[in-house]
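Undergrad:
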Amino acid sequence: MVEHRTCDYSGDEIEPGTGTMYVKNDGTILHFKDSKAEKNYFLGREARDLEWTAQGRAEKGPSGASEE
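Per the numbering used here, the very first residue in the sequence shown carries number 1083; after that it's consecutive.
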């Protein structure tokens, strides 16, 4: 049975056979859906500040309107 994974940065589901797995020196395993998520993680960007991530969509709220 194929195991479904989620991207540790964007929160999106990773299709089997795609994505990258990064293993840190301390043994932590990170799964990335695409290079966009991987590069943003290594640049130190917070996922909650980006609208295309699940955390960013949750932070913005269900209405989608910005708070002004």
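The beta carbon of each residue, even a glycine, is placed where N, CA and C say it ideally should be.
Could you please give the first and the last residue of the uninterrupted beta strand (DSSP E) stretch that includes Tyr-1104?
TA: Start and end: 1102–1105.
Undergrad: Can you tell me which residues form a DSSP beta bridge with His-1113?
TA: Paired residue(s): Met-1103.
Undergrad: Distance check for Ser-1117 and Met-1103, CA to CA, integer angstroms please.
TA: Those two C-alpha atoms are separated by around 11 Å.
Undergrad: Can you round the beta-carbon distance between Phe-1114 and Gly-1101 to whole angstroms, since I take them to be within the 8 Å contact cut?
TA: Their Cβ separation, rounded to whole angstroms, is 6 Å, which keeps Phe-1114 and Gly-1101 in contact under 8 Å.
Undergrad: State buried or exposed for Asp-1090, treating a residue as buried only when at least 16 other CB atoms are found within 10 Å of its CB.
TA: With 16 or more other Cβ atoms within 10 Å, it is buried.
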